[in-house]
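Have a look at the structure below, then the notes.
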């Protein structure tokens with residue numbers, strides 16, 4: 029397998045200048061009239077055993093980034109390396125192995141499960157396909173996975189509609205762990221759940237990470253959740269990462285105006301701070317027709333002519349704190 033030299037530094041996943049564009053076609057002959065730039069030059073790295081949070085408003089490209097990495101969505105440009113293997117140009121044999129090493133937990137705990145399949149079939153399907161495990165061994169493996177995620181082993185013959193929302197998400201987690209992956213992409217795994225259940229699922233994911241040595245790419249829009257769960261946080265806006273730092277550093281010293289807006293949206297019991305909330309003006313621009321220069325400048329209170337004309341590059345400010353902003357100083 030082709031190896032990337034940076035993998036020697038302990039990076040499990042490396043994403044460089046990743047772009048995912050969707051063609052917009054109109055008219056009788058379906059002529060391409062433009063492109064939705066869902067992911068537009070995203071770069072980040074995750075070390076083995078780490079949790080990286082990818083956060084931002086709905087529509088910023090977080091989910092598309094995760095799906096492009098797993099090749100559920102084709103990339104337009106860029107590179108993705110997993111343990112040094114070029115994922116976007118992997119051979120069929122390499123891709124088969126990558127499918128075992130990378131799994132995904134979807135946002136909708138009901139829509140992601142086939143309502144006509146029992147839990148035994150949902151969780152055990154990948155074991156049958158990838159490892160040719162059948163019979164008693166398969167049944168025992170499935171029961172073990174259910175117990176690991178906190179579900180009774182005697183529920184193997186139940187259907188998804190017989191479970192609560194939190195239990196269905198536990199089934200999704202069991203399915204994701206079936207092939208003993210190294211990287212798990214969590215696509216807003218708790219956003220559809222009640223607050224009381226969210227904490228249970230987050231604690232379960234943390235316990236599994238410690239027990240199994242998992243690495244997470246955690247996609248979310250709730251910064252409070254990410255603060256609890258992740259080691260590193262990357263803030264995404266309109267297809268681009270505008271700020272990235274260790275979680276503690278980012279929450280104590282946010283630099284990008286957009287990050288500050290997101291931080292101020294975190295619920296606070298201190299009523300006296302209510303007046304100091306930073307609220308972004310205007311609406312998020314369309315990814316079909318993004319603004320020139322810094323993508324956040326139409327909503328930024330600090331923007332000037334330079335911001336509207338020139339795209340800021342991501343620069344290292346302090347330690348491993350990266351910011352793409354002309355005004356963060």
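Numbering (the numbering used here), first residue to last: 29 to 357.
Virtual Cβ for every residue (Gly too), placed ideally from N, Cα, C.
In this text the structure is predicted, and so the values were computed from the model without any measurement.
Cβ contact annotation for residue 347 (same chain, cutoff 6 Å, sequence separation greater than five): none. Burial state of residue 137 is buried, judged by a 10 Å Cβ sphere holding 16 or more other Cβ atoms. For residue 272, the enclosing beta strand (DSSP E) covers residues 268 to 274. Straight-line measurement puts the Cα of residue 264 at about 30 Å from the Cα of residue 122. Counting C-beta atoms within 10 angstroms of its own C-beta, residue 191 has 16 or more neighbours from the protein chains shown and is therefore classed as buried. Note that the segment 144 to 162 does not touch the segment 209 to 227; fewer than 3 beta-carbon pairs, one per stretch, sit closer than 8 Å. Here residue 50 carries a strand assignment [DSSP, helix/strand/coil]. Under the Cβ criterion (8 Å, minimum of three pairs), the segment 64 to 71 does not count as touching the segment 212 to 231.
Between residue 270 and residue 284 the beta-carbon gap is near 5 Å, inside 8 Å, which marks them as a contact.
The segment 97 to 116 makes no contact with the segment 177 to 186, as fewer than three CB pairs between them are under 8 Å.
Counting of Cβ neighbours within 10 angstroms places residue 352 among the buried residues, the total reaching 16 or more.
When rounded, the separation of the alpha-carbon atoms in residue 177 and residue 354 is 46 Å. The Cβ-Cβ distance between residue 166 and residue 174 does not fall below 8 Å. Three or more beta-carbon pairs separated by less than 8 Å link the segment 79 to 99 to the segment 46 to 58, which places the two stretches in contact.
Residue 58 and residue 101 have their C-alpha atoms some 21 Å from each other.
Residue nearest to residue 60 within the set 235, 316, 159 and 331 is 316 (criterion: CA-CA distance). For residue 254, the uninterrupted alpha helix (DSSP H) run begins and ends at 251 to 257, by DSSP. Put simply, the backbone Cα of residue 253 is about 35 Å away from that of residue 52. Distance from the CA atom of residue 328 to the CA atom of residue 179, rounded to whole angstroms, is 47 Å.
For residue 141 against residue 199, the beta-carbon gap comes to about 6 Å, under 8 Å, which counts as contact.
Under a 10 Å Cβ-count criterion, residue 181 is classified as exposed, with fewer than 16 other Cβ atoms of the shown protein chains found around its own Cβ.
DSSP places residue 43 in the strand class (E or B) of the three-state scheme. Setting aside the 5 residues that flank it on each side, residue 278 is surrounded in the same chain by 261, each with a C-beta closer than 6 Å to its C-beta; the list follows chain order. The three-state reading of DSSP puts residue 201 in helix, counting H, G and I together. Assigned with DSSP and collapsed to three states, residue 241 falls in coil, not helix or strand.
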